[in-house]
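For what it's worth, the numbering used here labels the leading residue of the sequence shown as 237, then goes sequentially.
Virtual Cβ for every residue (Gly too), placed ideally from N, Cα, C.
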Amino acid sequence: MFVLSKKTALAATSTSLFVLLWSSGAIFSKWGLAHASPFAFLLIRFVIALCGLLLLAPLLKLKLPKGGRPMLYAIATGVVLLGAYQIFYLLALNTRITPGVMATIMGVQPILTVVLMERQRSVSRMFGLTLGLAGLVMVVYQGIGLAGMSWAGMLFGLLALASMTLGSIMQKRITENPLGTLPVQYLAGLLLCGIFVPFQPFHFEHSAGFIVPVLWMGLVVSVLATLLLYRLIARGNLVNVTSLFYLVPAVTAVMDYLIFGNRLAALSVLGMLLIIVGLAFVFRKSAG
């Protein structure tokens, strides 16, 4: 019983830490993008993450994929999950798609994952996912506005959703040494990002407003949080893992209130409660 309780506590801690760190990404990205162009911020973030992973590889005992086929699959996964997702996400935001709309688009991922991955879809599970999506819409309601949205921006948003969903499924299929693929995947993401750089504005300030956020995103989110995400994907049900992203806008909203003093609307609080209830339905299946 003690061993089981210890494992449960460890899993809950790693899950909570992942949600907390991943949610901080929006806060630090918002800060950093006020002092740098999007692709400059993303490219330097990738470089820092790759350097951090290479330095930590001996300590974390990360082993690169062995053999041509596993290496090529890891590269392909990195291109989709780390490179294409981040690039399409940035391009969507750059075409005036609001963060609230993007959060709602990405909120479709758990439902899409159920459709693609699970043959037996319980009513309770689908109800929980739908309830969580409704709660997500409530949380980001103020950021959802159709004015000024372009078809190109919506296309980039849908491509970001497709990249994250497909990339997560591809990563789930890496059963041998999943964490060891991360350095290779960040290198693939870095090279893909480098292709777009010549065609995008590239500038950044030599100030704390850029250095602190890019270090946080490069080391804490891109390394620590992503390692936690890959660990969750490897050990857990993929739908359960992706449904955790429902919590990210809610936790970000709380951080926004605590750090920037932006008040939480009553609708957002109600949305957070719906997300929690919805996730209870989603996780109840695996618990049973």
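Can you tell me which residues form a DSSP beta bridge with residue i?
| i | result |
| --- | --- |
| F519 | For F519, which the question treats as bridged, DSSP gives no partner whatsoever. |
| F275 | Paired residues: none, contrary to the question. |
| F440 | A272 |
Below 8 Å between beta carbons: does that hold for residue i and residue j?
| i | j | result |
| --- | --- | --- |
| S273 | H442 | no |
| M307 | Q345 | no |
| I323 | L428 | yes |
| G459 | L300 | First, the amino acid is wrong: residue 459 is Val here, not Gly. For V459 and L300, no; Cβs fall outside 8 Å. |
| P449 | W267 | yes |
| G261 | M453 | yes |
| I543 | G393 | Residue 543 lies beyond the residue range present for the chain, which begins at 237 and ends at 524; the question has no answer from this structure. |
| G445 | Y321 | no |
| I263 | T488 | yes |
| G514 | L397 | no |
| G507 | M374 | yes |
| G371 | T334 | no |
When every heavy atom of the ligand PLP is checked, does at least one fall within less than 7 Å of the C-beta of residue i?
| i | result |
| --- | --- |
| P346 | In the structure on display, the ligand PLP does not appear, and there are no ligands present to speak of. |
Count the other C-beta atoms from every protein chain shown that fall within 10 angstroms of the C-beta of residue i, then say buried if there are 16 or more, exposed otherwise.
| i | result |
| --- | --- |
| G524 | Below a pLDDT of 50, predicted positions are generally treated as unreliable, and G524, at 45, falls in that range; no measurement from the model is reported. |
| F481 | buried |
| I431 | exposed |
| Y367 | Checking the sequence shown, residue 367 turns out to be Leu, not Tyr. L367 is buried by the Cβ-count criterion. |
| N476 | buried |
| S360 | exposed |
| V255 | buried |
| S504 | buried |
Since residue i is in the alpha helix (DSSP H), which residue starts that stretch and which ends it?
| i | result |
| --- | --- |
| N473 | It is not in any alpha helix (DSSP H) - N473 carries neither H nor E in the DSSP assignment. |
| L418 | 418 to 432 |
| C311 | Per the sequence shown, residue 311 should be read as Ile rather than Cys. Segment 304 to 314, the alpha helix (DSSP H) holding I311. |
| A328 | 321 to 330 |
| A486 | 483 to 496 |
| V373 | 359 to 375 |
| L348 | 345 to 353 |
| A388 | 387 to 408 |
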